[in-house]
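I have placed the structure first, in the form of structure tokens, so that the comments after it can refer back to it.
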Amino acid sequence: MSRKTHWEKVYTTKQASEVSWTQETPKTALEFIRSFNVSKSAPIIDIGGGDSNLVDFLLLQGYTDITVLDISEAALERAQKRLGEKASLVHWIASDITEFKPNKVYTVWHDRATFHFLTEASQVETYLKTAYTAISNGGFLTIGTFSENGPQKCSGLNIKQYSPQSLKDTFASGFEQLKCINEDHLTPFQTIQNFTFCSFRKRFQ
Ligand SMILES: C[S@@+](CC[C@H](N)C(=O)[O-])C[C@H]1O[C@@H](n2cnc3c(N)ncnc32)[C@H](O)[C@@H]1O
């Protein structure tokens, strides 16, 4: 089954309460984004945003240039339906991140539990190049993956676990690491998944 088929199936057959990654409030992402202290008009992109509530909270906080990218059109449609009229305030991109050709630059790049699905070195390489091209000089990247104490699979797919050090090494060529935390996520099924979240600043070219 292709990656896209997998994710379209997930979002057409399972409710938010039936998938492990659901969060009512994406508290850590919001804290990291707030810590960057960017203007409310700064372009922000959520990579593999799915139907996460992050976009709802960013709109509520007054951010005006938000993009949500996901491989699954069904995921984006779900988020759009939830937002109703506010959906028109958001840019929506249905794309595999490894095929994404950005046509603008972003001040903030957020990714929770999407990067870790890239288990091949060539996919990681492509992601890094895309992020580096798409983020403005001095812009920010915040990424959350399963930690080395976390699960080895997500949504039934293999993932690559990271520690603060391995994320630092992975992003080292283009980005300076700012802050990392390890955090337990309580799933809707009351199980615990340990995540590593790190923020980075793009080095000036
Ligand atoms: C575990 S979910 C996390 C969703 C969201 N970031 C959150 O925190 O709630 C992973 C998301 O990444 C998307 N995804 C997986 N592989 C992708 C890829 N190669 N390109 C773009 N999106 C992808 C999936 O459709 C799904 O919405």
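Under my numbering, the first residue of the sequence shown carries the number 101, and numbering increases by one thereafter. Glycine included, each C-beta is placed from N, C-alpha and C at the ideal position. Nothing here was measured: the structure is a model prediction, and the numbers come from that model.
Considering only the alpha carbon of each residue, which of the options lies closest to residue i?
i, options, result
"residue 201", "181, 159, 169 and 216", "169"
"residue 142", "111, 109 and 239", "239"
"residue 225", "152, 199 and 148", "199"
"residue 290", "107, 110 and 123", "123"
"residue 248", "297, 209 and 207", "297"
"residue 145", "192, 162 and 278", "192"
"residue 102", "285, 172 and 184", "172"
"residue 148", "207, 250, 108 and 160", "108"
"residue 179", "203, 152, 131 and 164", "152"
Assuming residue i contacts residue j (C-beta within less than 8 Å), just tell me the rounded distance between them.
i, j, result
"residue 300", "residue 282", "With 8 Å as the limit, residue 300 and residue 282 do not qualify as a contact, their Cβ atoms being about 16 Å apart."
"residue 274", "residue 227", "Incorrect: roughly 11 Å between the Cβ atoms, too far for contact."
"residue 293", "residue 246", "6 Å"
"residue 242", "residue 138", "That pair is no contact at about 12 Å."
"residue 264", "residue 280", "4 Å"
Could you give the DSSP three-state label for residue i: helix, strand or coil?
i, result
"residue 132", "helix"
"residue 168", "strand"
"residue 299", "strand"
"residue 156", "helix"
"residue 188", "helix"
"residue 227", "helix"
"residue 116", "helix"
"residue 138", "coil"
"residue 209", "strand"
"residue 293", "strand"
"residue 161", "coil"
"residue 151", "coil"
"residue 268", "helix"
"residue 217", "helix"
"residue 109", "helix"
"residue 236", "strand"
"residue 125", "coil"
"residue 198", "helix"
"residue 283", "strand"
How many angstroms separate the CA atom of residue i from the CA atom of residue j?
i, j, result
"residue 115", "residue 271", "34 Å"
"residue 154", "residue 133", "11 Å"
"residue 177", "residue 234", "24 Å"
"residue 113", "residue 212", "22 Å"
"residue 276", "residue 252", "27 Å"
"residue 150", "residue 175", "5 Å"
"residue 181", "residue 187", "8 Å"
"residue 156", "residue 269", "32 Å"
"residue 121", "residue 304", "34 Å"
"residue 158", "residue 166", "8 Å"
"residue 162", "residue 256", "36 Å"
"residue 209", "residue 237", "12 Å"
"residue 110", "residue 127", "24 Å"
"residue 140", "residue 267", "28 Å"
"residue 262", "residue 194", "26 Å"
"residue 214", "residue 230", "14 Å"
"residue 205", "residue 119", "31 Å"
"residue 136", "residue 287", "27 Å"
"residue 222", "residue 190", "31 Å"
"residue 185", "residue 302", "34 Å"
"residue 278", "residue 196", "27 Å"
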